[in-house]
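Notes follow once the structure below has been shown.
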Amino acid sequence: MNAKERMAIDRQTCAELSPEIRIDNYDEVSLGFTHESVKIEAMRCLQCKKPGCRQGCPINNDIPGFIALVAEGKFEEAYWKVRETSSLPAICSRVCPHENQCEGSCIRGKKGKPVAIGLIERYMSDWMVHHQKNMNVACAVAKGKKVAIVGSGPAGMTAAYHLAHAGYHCTIYEALPVIGGMLKVGIPPFRLPRHILNAEFAALKDCGVEIVHDVVIGRDITLRQLKTEHDFDAVFVGVGAHSSRKLGVEGEDMAGVRHGVDYLRQVLSGNKVDIGQNVVVVGGGNVAIDCARVALREGSKNVFILYRRTIEEMPASSEEIHHLQEEGVKIEFLAAPVRVVGDNGRMSGIECVRMELGPPDDSGRRRPVEIKDSNFVIDADCVIPAISQNVNHEVDNGQEFELSRWGTYIIDKTTFQTNIEWIFAAGDAVLGPQTVAKAVYQAKEAAESIVRFLEGRDLKEGREVRDLDD
Ligand SMILES: Cc1cc2nc3c(=O)[nH]c(=O)nc-3n(C[C@H](O)[C@H](O)[C@H](O)COP(=O)(O)OP(=O)(O)OC[C@H]3O[C@@H](n4cnc5c(N)ncnc54)[C@H](O)[C@@H]3O)c2cc1C
Numbered sequence: 063m064n065a066k067e068r069m070a071i072d073r074q075t076c077a078e079l080s081p082e083i084r085i086d087n088y089d090e091v092s093l094g095f096t097h098e099s100v101k102i103e104a105m106r107c108l109q110c111k112k113p114g115c116r117q118g119c120p121i122n123n124d125i126p127g128f129i130a131l132v133a134e135g136k137f138e139e140a141y142w143k144v145r146e147t148s149s150l151p152a153i154c155s156r157v158c159p160h161e162n163q164c165e166g167s168c169i170r171g172k173k174g175k176p177v178a179i180g181l182i183e184r185y186m187s188d189w190m191v192h193h194q195k196n197m198n199v200a201c202a203v204a205k206g207k208k209v210a211i212v213g214s215g216p217a218g219m220t221a222a223y224h225l226a227h228a229g230y231h232c233t234i235y236e237a238l239p240v241i242g243g244m245l246k247v248g249i250p251p252f253r254l255p256r257h258i259l260n261a262e263f264a265a266l267k268d269c270g271v272e273i274v275h276d277v278v279i280g281r282d283i284t285l286r287q288l289k290t291e292h293d294f295d296a297v298f299v300g301v302g303a304h305s306s307r308k309l310g311v312e313g314e315d316m317a318g319v320r321h322g323v324d325y326l327r328q329v330l331s332g333n334k335v336d337i338g339q340n341v342v343v344v345g346g347g348n349v350a351i352d353c354a355r356v357a358l359r360e361g362s363k364n365v366f367i368l369y370r371r372t373i374e375e376m377p378a379s380s381e382e383i384h385h386l387q388e389e390g391v392k393i394e395f396l397a398a399p400v401r402v403v404g405d406n407g408r409m410s411g412i413e414c415v416r417m418e419l420g421p422p423d424d425s426g427r428r429r430p431v432e433i434k435d436s437n438f439v440i441d442a443d444c445v446i447p448a449i450s451q452n453v454n455h456e457v458d459n460g461q462e463f464e465l466s467r468w469g470t471y472i473i474d475k476t477t478f479q480t481n482i483e484w485i486f487a488a489g490d491a492v493l494g495p496q497t498v499a500k501a502v503y504q505a506k507e508a509a510e511s512i513v514r515f516l517e518g519r520d521l522k523e524g525r526e527v528r529d530l531d532d
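See the structure below:
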C-alpha cells in the first residue's frame with residue numbers, strides 16, 4: 063500500500079460502554095479495537111524513516127516496527143517487538159498520555175488525526191493475554207549475587223525483571239499487602255482492568271523474583287541492614303511518591319477532608335468508604351479525575367471538580383476529561399479553594415475564589431490570578447484535595463539520601479546511582495509524580511547500571527540515557 067492510499071484511511075474508532083451502563087461498576091470503559099479495525103488502523107502508519115512517535119515515546123519503543131507487524135496480523139511478533147524495550151506494553155497502552163507522547167509526535171497528526179498507537183499496542187498485548195501466550199523469556203543462568211528491590215510499582219517490577227533475567231536473584235520488599243504500586247492502588251480498574259495488570263505482572267515475576275509483602279523498608283528493616291544482615295549486594299529503590307500534597311488552606315484538618323491518593327488506596331483495596339452525596343475534588347490531573355469517577359461509582363451523586371485554570375491547561379488527557387463529563391461530573395473552572403468551612407471539626411463546604419488567567423508561569427501554562435471579592439461557597443460533605451504527591455522519606459528515615467528541592471532523591475542521570483554507591487533509584491521517587499512509561503524506562507536503565515556494578519564494570523561507558531526529568 064502506498065502513502066497516498068494510507069493517507070486516505072480515516073482513524074478507526076472503538077466502542078465504549080455508555081455512561082448509564084458503566085456508572086455503577088468498574089468495567090473497562092473503552093472496548094478497544096476489533097480484529098479488523100486494528101489492522102486497518104495499522105495501515106494508516108506511514109512507516110516514517112525518522113519516526114517522531116519513537117522520539118515521543120519515553121521508552122523509545124520501535125513503534126513503526128510493531129505496527130507493521132500488526133498490519134500483517136502478526137500479533138505475537140508485534141508484542142515481542144515492543145518487549146525489546148518495554149516491560150509493560152498492555153499497561154502502558156492503556157494509561158500512557160499518548161496525546162503528549164507518541165501520538166502527539168505522529169506526523170499524521172499534523173494534518174488530521176494521529177495513528178492510534180496506544181490502541182494498536184493494546185490490541186496486540188491483549189491478544190497475547192486472551193490467547194494465553196507465553197509472555198516471559200527464558201531464564202538466565204544464576205550468577206550468585208542478589209539484589210533487594212524496594213517497592214513493587216512499575217519501577218520496582220521492571221528493575222526486578224531485568225535483573226532476574228540477567229541472572230541475579232531479586233527480592234522485592236513491598237509495604238502494602240498487594241503488588242503493583244499506583245497501578246493497583248491508584249489507577250482504577252475502569253482504566254486498567256486487573257486481569258490485564260495481573261497477567262503482565264505475572265510474566266515479570268518469573269526467573270527468581272521473590273516478593274515479600276507488608277514490610278516497610280526504613281521501619282521494619284533499614285537499607286543498611288539489607289546489606290549487612292541480609293547480604294544483598296545492591297539495592298534498588300522504587301518507592302514512588304505517595305504523600306498527598308496539602309492544599310495549605312484553613313480548615314484542611316476537619317473531618318470530611320480526604321486526600322486523593324489516600325482515598326483511592328482505601329477504595330481500591332476493597333474498603334467501603336462513605337464520603338457522602340456531595341463531593342468536591344480539587345485538581346486537574348489524573349488523580350483528581352480518577353477520584354471523581356471513583357466517588358460516583360461508590361454512590362456519591364453530586365461530584366464537582368474544582369480547577370484553577372481552564373480546560374486547555376488541564377493536565378489530564380482529553381479522553382479522561384470527556385469520560386468524566388459524560389458521567390455527569392461538573393467542572394468548576396477558574397476557581398481555587400481558600401478555606402474549608404464547617405462546625406465543630408466537621409466540614410460542610412468549601413469556600414472558593416474565582417480566578418482569571420495571567421501571563422505564563424515556569425510550566426509554560428498561563429498563571430491563574432485571583433479575582434478580588436469573588437468568593438463563593440460550595441456546600442459539600444467531602445473535599446478531596448488531589449493536587450499532587452510528594453515522595454515520603456520513610457525508606458531512609460530522611461537520613462541517607464541527598465534530596466532535590468522538591469524532596470525527590472538525587473541520582474546520577476546516567477547511572478541512577480544515589481549518593482550511596484550500592485543503592486540505585488528510579489521512577490516517581492526521583493522524578494516526582496510522573497508516568498508509568500518514565501518509571502519503566504528509568505528502571506530498565508537503573509537495572510543495567512546494577513548489572514555493571516555487580517560485575518565490576520564501568521557504569522557509564524557507551525551509554526546514552528534519556529533525561530526524562532521535565
Ligand atoms: C490516581 C493515579 C492515576 C494515575 N494515572 C496515570 C496514568 O493515567 N498514566 C500514567 O502514565 N501514570 C499515571 N499515574 C502515575 C503512575 O501511576 C506513577 O508514575 C507510577 O506508578 C510510578 O511508578 P513507581 O514504581 O515509581 O512508584 P509506585 O507505583 O508509586 O510504586 C511504589 C511502591 O513502593 C512501595 N513503597 C513505598 N515505600 C516503601 C517502603 N519504605 N518499603 C516498601 N515498599 C514501599 C509502595 O507501597 C508502592 O507499592 C497515576 C497515578 C495515580 C496516583
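Counting from 63, one number per residue, gives the positions in the sequence shown under the working numbering.
Yeah, the Cβ is synthetic: ideal placement off N, Cα and C, and Gly gets one too.
Note that the structure is a prediction, hence the values are computed from the model and not measured.
Can you give me the start and stop residues for the beta strand (DSSP E) that Asn340 sits inside? Counting along the chain, the beta strand (DSSP E) containing Asn340 begins and ends at 340-344.
How is the alpha helix (DSSP H) around Lys143 delimited, first residue to last? For Lys143, the enclosing alpha helix (DSSP H) covers residues 137-145.
Buried or exposed (CB count within 10 angstroms, at least 16 for buried), Cys201: Cys201 counts as exposed, since fewer than 16 other C-beta atoms from the protein chains shown sit within 10 angstroms of its C-beta.
Apart from the five residues on each side of it in sequence, which residues of its chain come closer than 7 Å, Cβ to Cβ, to Met63? Same-chain partners within the cutoff: Met105.
Does Asn260 come out as helix, strand or coil in the three-state DSSP assignment? Assigned with DSSP and collapsed to three states, Asn260 falls in helix.
Apart from the five residues just before and just after Leu375, which ones in its own chain have a Cβ nearer than 6 Å to its Cβ? With the sequence shown as reference, residue 375 is identified as Glu, and Leu is not the correct amino acid for it. Result list for Glu375: Arg427, in chain order.
Is the beta carbon of Leu266 sitting closer than 8 Å to the one on Ser149? The Cβ atoms of Leu266 and Ser149 sit closer than 8 Å to each other.
Among the residues of its own chain, which have a CB less than 7 Å from the CB of Thr96, if the five just before and after it don't count? Closer than 7 Å at Cβ, skipping near neighbours: no residue.
In terms of residue numbering, what span does the alpha helix (DSSP H) encompassing Ala210 cover? For Ala210, there is no enclosing alpha helix (DSSP H); the enclosing beta strand (DSSP E) covers residues 208-212.
Can you name, in chain order, every residue of its own chain whose Cβ lies under 7 Å from the Cβ of Val329, other than the five neighbours on each side? Excluding sequence positions up to five before and after Val329, its CB lies within less than 7 Å of the CB of Val335, Val356, Glu360, all in the same chain and listed in chain order.
Out of Gly270, Arg145, Thr497, Leu465, point me to the one whose CA is closest to Gly229's CA. Of the candidates Gly270, Arg145, Thr497, Leu465, the one whose C-alpha sits nearest the C-alpha of Gly229 is Gly270.
With C-beta atoms as the reference, is Glu103 less than 8 Å away from Ala178? Less than 8 Å separates the beta-carbon of Glu103 from that of Ala178.
Terminal residues of the continuous alpha helix (DSSP H) containing Ala509? Its alpha helix (DSSP H) spans residues 498-516.
Pick from Val415, Arg519, Ala70 that is closest to Arg401, judged by C-alpha positions: From the listed residues Val415, Arg519, Ala70, the smallest Cα separation to Arg401 is found for Val415.
Just to confirm, are Ile273 and Glu314 a CB contact at a threshold of 8 Å? When the beta-carbon positions are compared, Ile273 and Glu314 stay at least 8 Å from each other.
Compare the C-alpha of Phe263 against each of Ser436, Asp72, Ala65, Asn196 and name the closest. Its Cα nearest to that of Phe263, the residue Asn196 stands out among Ser436, Asp72, Ala65, Asn196.
Cβ shell of Pro126 (< 8 Å), same chain only, five flanking positions each side left out: So the list reads Cys107, Gln109, Cys110, Pro113, Cys115, Arg116, once near-sequence residues are dropped.
Reference Arg156, options Ile485, Val91, Leu465, closest by Cα: For Arg156, the nearest C-alpha among the options comes from Val91.
What did DSSP end up calling Tyr471 once you bin it into helix, strand or coil? Strand.
Going along the chain, which unbroken runs of the beta strand (DSSP E) with 3 or more residues stay wholly within the stretch 176-230? The DSSP assignment places complete beta strand (DSSP E) segments of no fewer than 3 residues inside the stretch 176-230 at 208-212, in order along the chain.
Residue range of the beta strand (DSSP E) that includes Gly420: That run of the beta strand (DSSP E) goes 408-422.
Measure the C-alpha to C-alpha separation of Tyr503 and Ala70 and round it to an integer number of angstroms. Each residue's Cα considered, the two are about 35 Å apart.
From the DSSP output, read off the bridge partner residues of Leu368. Per DSSP, the beta-bridge partners of Leu368 are Val344, Glu394.
Taking DSSP's pairing of strands, which residues face Ile234 in a bridge? Per the DSSP secondary-structure output, Ile234 pairs in a beta bridge with Ile211, Ile273.
First and last residue of the uninterrupted beta strand (DSSP E) at Arg565: Absent from the model: residue 565. The displayed extent of the chain is 63 to 532, so no value can be given.
Between which two residues does the alpha helix (DSSP H) carrying Phe128 extend? Start and end: 125-133.
Is the shortest distance between the beta-carbon of Glu389 and the beta-carbons of chain E less than 8 Å? Among the protein chains of the structure shown there is no chain E, as only one such chain exists.
If the criterion is Cβ atoms closer than 8 Å, does the pair Ile249 and Asp352 meet it? Using a Cβ distance threshold of 8 Å, Ile249 and Asp352 count as a contacting pair.
Could you check which residue in Arg429, Arg307, Gly390, Ile433 has the C-alpha nearest to that of Ile446? Ranking the options by Cα distance to Ile446, first place goes to Arg307.
Phe298 bridges to which residues according to DSSP? Ile211, Phe486.
Given this structure, state the Cα-to-Cα distance separating Met417 from Leu396, to the nearest angstrom. Approximately 5 Å, taken between the alpha carbons.
Candidates Gly302, Gly346, Arg184, Pro239: which alpha carbon is nearest Ile258's? Selected option, being the one with the closest Cα: Arg184.
Below 7 Å, is the gap between the Cβ of Ile249 and the nearest heavy atom of ligand 3? The model on display carries ligand 1 but not ligand 3.
CB of Ile279 to nearest heavy atom of ligand 1: below 7 Å? Yes, the Cβ of Ile279 comes within 7 Å of a heavy atom of ligand 1.
Exposed or buried, which one is Val203 when buried takes at least 16 other CB atoms within 10 Å? Taking all protein chains shown into account, Val203 has fewer than 16 neighbouring C-beta atoms within 10 Å of its C-beta and is therefore exposed.
Excluding five sequence neighbours on each side, which residues of the same chain lie with their C-beta closer than 8 Å to the C-beta of Val431? By the criterion of a C-beta distance shorter than 8 Å, Val431 is surrounded in its chain by Met417, Glu418, Leu419, Gly420, once the five residues flanking it on both sides are discounted.
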